[in-house]
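A.B. asks: In this note's numbering, the protein residues as written are 224 to 485.
So that we are looking at the same thing, I have put the structure below in structure tokens.
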């Protein structure tokens with residue numbers, strides 16, 4: 224039986240800024256419906272890998288395919304109908320209400336000239352409820368706390384209703400309850416999720432697959448149990464730890480030691 228093509232496939236992707244290769248020879252295959260986490264030390268290239276998928280950066284070599292089609296062959300708007308992205312920039316929305324921000328997630332489908340339909344309103348209302356910001360709809364985005372702003376941007380990505388969801392550090396500014404709530408909501412959408420995450424325990428809890436990105440390369444891939452070992456964490460993050468099993472979920476959980484790994 225033939226194995227189906229991955230939802231997202233990176234092949235020999237290199238990104239160069241100026242004369243410096245930021246990521247080199249990236250190979251990643253993300254299956255449909257998987258929750259794929261990118262982890263690794265700061266500056267390793269996680270965000271760069273994600274930015275190529277939603278067309279904010281263009282590789283100098285290699286290709287990225289979405290359901291077998293090269294993303295570079297699509298227009299930005301067409302790509303946005305397939306890939307929604309939570310990025311680390313939100314300044315463009317400062318004068319918008321929360322509801323206005325979330326409605327911009329519908330633009331790849333509606334364009335600028337089409338009036339909002341009942342279906343669009345329902346999609347946006349559902350997205351705000353899933354991200355826990357339904358009660359903020361009339362507030363100005365500029366008046367929100369960092370955590371509230373982050374959840375609004377997550378709602379915007381949900382409202383885009385794409386088969387692939389990219390989350391670049393989605394738990395920034397969020398308290399523990401909201402970290403788990405928004406990632407659970409993302410997982411429950413049934414889409415393919417690719418996320419850059421810093422909290423290794425959160426990554427172990429939600430991700431079906433992990434890739435360690437360090438020095439601009441993918442240095443290890445596998446399930447959380449495969450990747451999150453004391454040896455690999457010491458090697459790539461430079462800190463000692465003990466890895467135990469969650470008593471209910473049986474996923475790895477990390478207890479960090481004081482001081483750095485030898």
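For glycine and all other residues, C-beta sits at the position ideal for the given N, C-alpha and C.
On a predicted model such as this, the values are computed, not experimentally measured, just so you know.
#1: Identify every run of the alpha helix (DSSP H) within the region 363 to 394, keeping only runs that are complete inside it and at least 4 residues long; order them along the chain.
#2: Report the rounded CA-to-CA distance for residue 478 versus residue 466, giving the unit in angstroms.
#3: Starting from the Cα of residue 374, find the closest Cα among 327, 344, 321, 345 and give me that residue.
#4: At the level of alpha carbons, what is the spacing between residue 297 and residue 453?
#5: On the three-state DSSP scale, how would you describe residue 464?
#6: Less than 9 Å between the C-beta atoms of residue 414 and residue 432, yes or no?
#7: For residue 487 and residue 341, I'd like the C-alpha separation in whole angstroms.
#8: Let me know the beta strand (DSSP E) ranges lying completely inside the region 250 to 326, each 3 residues or longer, listed in chain order.
#9: With C-beta atoms as the reference, is residue 347 less than 9 Å away from residue 329?
#10: What did DSSP end up calling residue 185 once you bin it into helix, strand or coil?
#11: What is the DSSP secondary structure of residue 480, counted as helix, strand or coil?
#12: Taking the C-alpha atoms as reference points, what is the distance between residue 421 and residue 241?
#13: State the beta-bridge partners of residue 433 as determined by DSSP.
#14: Starting from residue 236, follow its DSSP beta bridges and name the residues at the other end.
#15: Using a threshold of 9 Å, state whether the C-beta atoms of residue 331 and residue 303 are closer than that.
#16: Quick check: residue 276 and residue 308, are their CB atoms within less than 9 Å of each other?
#17: Taking Cβ positions, are residue 409 and residue 416 nearer each other than 9 Å?
#18: Along the chain, where does the alpha helix (DSSP H) that runs through residue 354 open and close?
#19: Could you give the distance in angstroms between the alpha-carbon of residue 430 and the alpha-carbon of residue 334?
#20: Using beta-carbon positions only, say whether residue 441 and residue 389 come within less than 9 Å of one another.
#21: What does the Cβ neighbour count give for residue 317, buried or exposed, with the cut at 16 atoms within 10 Å?
#22: In three-state DSSP terms, what is residue 229?
C.D. replies: Straight from the coordinates:
#1: 369 to 382
#2: 6 Å
#3: Checked all of 327, 344, 321, 345; the closest Cα to residue 374 is 321.
#4: Residue 297 and residue 453: Cα-Cα distance of roughly 42 Å.
#5: strand
#6: no
#7: The chain is shown only over 224 to 485; residue 487 falls outside these bounds and no answer can be derived.
#8: Counting whole runs of 3 or more residues, the region 250 to 326 contains the beta strand (DSSP E) stretches 258 to 262, 284 to 289, 306 to 309.
#9: A contact, by the Cβ cut-off of 9 Å.
#10: In the structure as shown, the chain begins at 224 and stops at 485. Residue 185 is therefore absent and cannot be evaluated.
#11: strand
#12: 27 Å
#13: 260, 445
#14: 249
#15: yes
#16: yes
#17: Yes, the Cβ-Cβ distance between residue 409 and residue 416 is below 9 Å.
#18: 341 to 354
#19: 33 Å
#20: no
#21: Per the 10 Å Cβ criterion, exposed.
#22: coil
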